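Accompanying notes for the structure given below.
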Amino acid sequence: MGGTLNIECVQNKDLLASVDPNQFIKIGFKAEDDQQNAIKNAQNLLKPSQDNGKDCSVAALNLIKDSRPFGSLDNELWLFSHKKPKKSLL
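First residue of the sequence shown: 571, per my numbering; consecutive thereafter.
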């Protein structure tokens, strides 16, 4: 068949990590389809950068499922803060 295709990628700057949490309220958004790790991954956005987090005040998790695919009009959104998680159907 055809030859080999090689693609060189350059890592983008982590914009969320570069925002100073003392100057802005940081809200991180995640879309996850791995339901077992989705909540933990969203909560990690709240951790300080020295703990491999993003220093977010709030994290919003869009849990992607077969019944709610990406781009669906019916979504499930979980909000996390340093206080407690909340779940709401949109």
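Virtual Cβ for every residue (Gly too), placed ideally from N, Cα, C.
On a predicted model such as this, the values are computed, not experimentally measured, just so you know.
DSSP-derived helix/strand/coil call for residue i
{"i": "Lys610", "result": "helix"}
{"i": "Leu643", "result": "coil"}
{"i": "Ser651", "result": "strand"}
{"i": "Leu585", "result": "helix"}
Alpha-carbon to alpha-carbon, residue j and residue i
{"i": "Lys635", "j": "Gln613", "result": "19 Å"}
{"i": "Ser637", "j": "Asp604", "result": "14 Å"}
{"i": "Asn592", "j": "Asn607", "result": "29 Å"}
{"i": "Leu586", "j": "Asn611", "result": "15 Å"}
{"i": "Phe594", "j": "Pro639", "result": "32 Å"}
Extent of the continuous beta strand (DSSP E) to which residue i belongs
{"i": "Gly598", "result": "597 to 602"}
Note to self: I want to know whether the region 595 to 615 touches the region 628 to 636 - three or more CB-CB distances under 8 Å.
What the structure shows: A contact exists between the region 595 to 615 and the region 628 to 636.
Next item on the list: Evaluate the contact criterion for the region 636 to 649 versus the region 614 to 624: three or more CB pairs, one atom per stretch, below 8 Å.
Entry: Under the 8 Å Cβ criterion, the region 636 to 649 does not count as touching the region 614 to 624, having fewer than three qualifying pairs.
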